[in-house]
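Here the numbering used here = 1-based position in the sequence shown + 204. Yeah, the Cβ is synthetic: ideal placement off N, Cα and C, and Gly gets one too.
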Amino acid sequence: MTRLIVENVHRVSSRPWAFVTGRLEGDELRIGDELVVAHGDVPIGSAVIRSIELHSPPGKTTVAIDAEVADSIRDGAVLTRT
């Protein structure tokens with residue numbers, strides 16, 4: 205199982221996505237992967253990876269997801285690919 209534990213959510217007005225940064229556990233993520241978004245044990249939706257940023261801080265992973273989904277994601281949320 206692959207999980208991204210969210211630490212930050214960022215928006216850039218010139219892009220149609222939101223950027224989610226966190227600590228990745230498990231395998232690499234790929235563009236097109238569909239992830240289940242949950243707060244604690246409560247699933248709140250799904251997100252598709254649209255881009256993977258290469259300039260993340262050491263030990264962190266940043267992915268771009270659709271902005272509509274990002275409205276419901278906050279620090280501590282978990283994005284999981286099973």
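- Ala-271 carries a helical assignment under DSSP once its states are collapsed to helix, strand and coil.
- Under the DSSP assignment, Arg-234 falls outside any beta strand (DSSP E); it carries neither an H nor an E label.
- Leu-258: not part of any beta strand (DSSP E); DSSP gives it neither H nor E.
- In this structure Arg-219 is not in contact with Ile-235, their Cβ atoms being roughly 15 Å apart against a cut-off of 8 Å.
- The Cβ atoms of Val-282 and Val-216 do not sit closer than 9 Å to each other.
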